[in-house]
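Protein chains in written order, with our numbering: chain A, 1 to 146; chain B, 1001 to 1146.
Protein chains: 2
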Amino acid sequence: MNVGRRVDYAVRALSYLAGMPPGKIVSRVDIEEKQDIPSYYLSKIMKDLVAGGLVQSHIGSKGGFSLARPAATISIKEVYETVERPMALMECLDKGENYCSYCPVCNQISVWDKAQTLLANYLAKVSIGDIAAQHGLRERLSALDN
Amino acid sequence: MNVGRRVDYAVRALSYLAGMPPGKIVSRVDIEEKQDIPSYYLSKIMKDLVAGGLVQSHIGSKGGFSLARPAATISIKEVYETVERPMALMECLDKGENYCSYCPVCNQISVWDKAQTLLANYLAKVSIGDIAAQHGLRERLSALDN
DNA sequence: CTGAATATAGACCTAATAGGTCTATTTTGT
DNA sequence: ACAAAATAGACCTATTAGGTCTATATTCAG
């Protein structure tokens, strides 16, 4: 039920990039230092973000990373699923009906399914752009209330 | 981000008890067999449920377990927190502001906070009684939509 | 009173995972 | 040519999830 560092770090890195002038290329080490992320660790996360098309990488001297898309189009849900795995509160929700023999008669599963949908819908509505913008996030979140 | 067996098994055990005639005492082994829960494992879970006041235990021959409260008053959120820990999507939401030095300026945290509240509110509205009742659960869940 | 059935408490084990660190290689700007 | 960077992947360690077992105390039925 908890989210883990990979996602935390990914969100921080992406927000940091989002706060840069458009097109600015930032090195891994710079992101790690400014965002208080353990040395080296980010390299694995950035690899996923590049592979997922959220971030563009630039090899070589003066290389680094920049956002591959506008920050407003990158949802937290997408970030989560890019660096981790599909969001699923229970394994059967991910692995399908025949994962557990009780699935066909399981009442429990519809509850977790609903909870998961609630969560996913919300997280799909919040973007890296929202997080990067310093002002009024809490207010904008409240507006999402229903 | 996922819920784990302890909660799964706890919900199954409680629902099973809820489906029994009121006051009926059911042994651990019986629950394990009928609900397809690994032998012995349930003993640790039931201990928590007893300690949490959700279940009443009866030691000795012909002993076993029964619900300590009406099934309709036992929410899934409560079950979760009884057999696991307080629901928290990120550690700082649980351990407080000084867990991470970035907390005071962290925009991310308000997003997870909101997500967590959404989840908790929903799970607090669904009861073991809802799950135990065989009919119309999905319909009743839909009614919770907003 | 005795024995069987039960919860209780806690030890124990194993595999997987999270989180982190490091190094060799390739690419590229200056 | 050199330095700075990403890339790829090996490696390590502590924790946790999930499960199994056993010794003990309690209680009911005969």
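Glycine residues also receive a C-beta, built at the ideal position from the N, C-alpha and C atoms. Treat the numbers as computed from the prediction; the structure is a model and nothing was measured.
Of the residues the options, the one placed nearest residue i, counting alpha carbons only
i, options, result
"ARG12(A)", "ASP94(A), ASN121(A), VAL83(A), SER61(A)", "VAL83(A)"
"MET1(A)", "GLU1091(B), CYS1100(B), SER1110(B)", "GLU1091(B)"
"GLY4(A)", "ILE1109(B), LEU1119(B), GLY1019(B)", "ILE1109(B)"
"LEU67(A)", "ASN121(A), GLY60(A), GLY53(A)", "GLY53(A)"
"ALA133(A)", "CYS1106(B), TYR1016(B), SER1101(B)", "CYS1106(B)"
Cβ-based burial, residue i [other Cβ within 10 Å; buried from 16]
i, result
"ILE74(A)", "buried"
"LYS1114(B)", "buried"
"GLU1033(B)", "exposed"
"LYS1024(B)", "exposed"
"ASN1146(B)", "Confidence at ASN1146(B) is low in this model, with a pLDDT of 47, below 50, so its placement is unreliable and no value can be given for it."
"GLY64(A)", "buried"
"ALA51(A)", "exposed"
"ASP30(A)", "exposed"
"TYR80(A)", "buried"
"TYR40(A)", "exposed"
"ASP1036(B)", "exposed"
"ARG1028(B)", "buried"
"ILE1131(B)", "buried"
"VAL1007(B)", "buried"
Close beta carbons around residue i, own chain, < 7 Å, minus the five adjacent residues each side
i, result
"GLN1116(B)", "MET1087, ALA1088, LEU1089, LEU1093"
"TRP1112(B)", "LEU1089, MET1090, LEU1093"
"GLY19(A)", "ALA132"
"ASP159(A)", "Residue 159(A) is absent from the structure shown; chain A starts at 1 and stops at 146."
8 Å Cβ shell around residue i - same chain, five flanking residues per side excluded
i, result
"SER127(A)", "ALA71, ALA72, THR73, ILE74, SER75, ILE76"
"SER1057(B)", "MET1046, VAL1050, GLY1063, GLY1064, PHE1065"
Own chain, CB closer than 6 Å to residue i, minus 5 neighbours either side, in chain order
i, result
"TYR9(A)", "ILE37, ILE45"
"LEU14(A)", "ILE128"
- Message: Can you pull out the residues from the region 32 to 45 of chain A whose beta carbon lies closer than 7 Å to at least one beta carbon of chain B?
- Response: ASP36
- Item | Interface residues of the region 62 to 86 of chain A facing chain B [CB-CB below 9 Å] | ILE76, TYR80, GLU84, ARG85
- Task: Name, going along the chain, the residues of the region 98 to 123 of chain A whose beta-carbon falls closer than 8 Å to a beta-carbon of chain B.
- Result: SER101, TYR102, ASN107, GLN108, SER110, VAL111, TRP112, LYS114, ALA115, LEU118, LEU119, TYR122, LEU123
- Message: Ignoring anything shorter than 4 residues, give me the alpha helix (DSSP H) runs that lie fully in the region 1011 to 1066 of chain B, in order along the chain.
- Response: 1028 to 1035, 1041 to 1051
- Task: For the region 9 to 21 of chain A, enumerate the residues whose C-beta is nearer than 9 Å to any C-beta of chain B, in chain order.
- Result: VAL11, ARG12, SER15
- Message: Give the list of continuous alpha helix (DSSP H) stretches no shorter than 4 residues that lie fully inside the region 73 to 122 of chain A.
- Response: 76 to 83, 91 to 95
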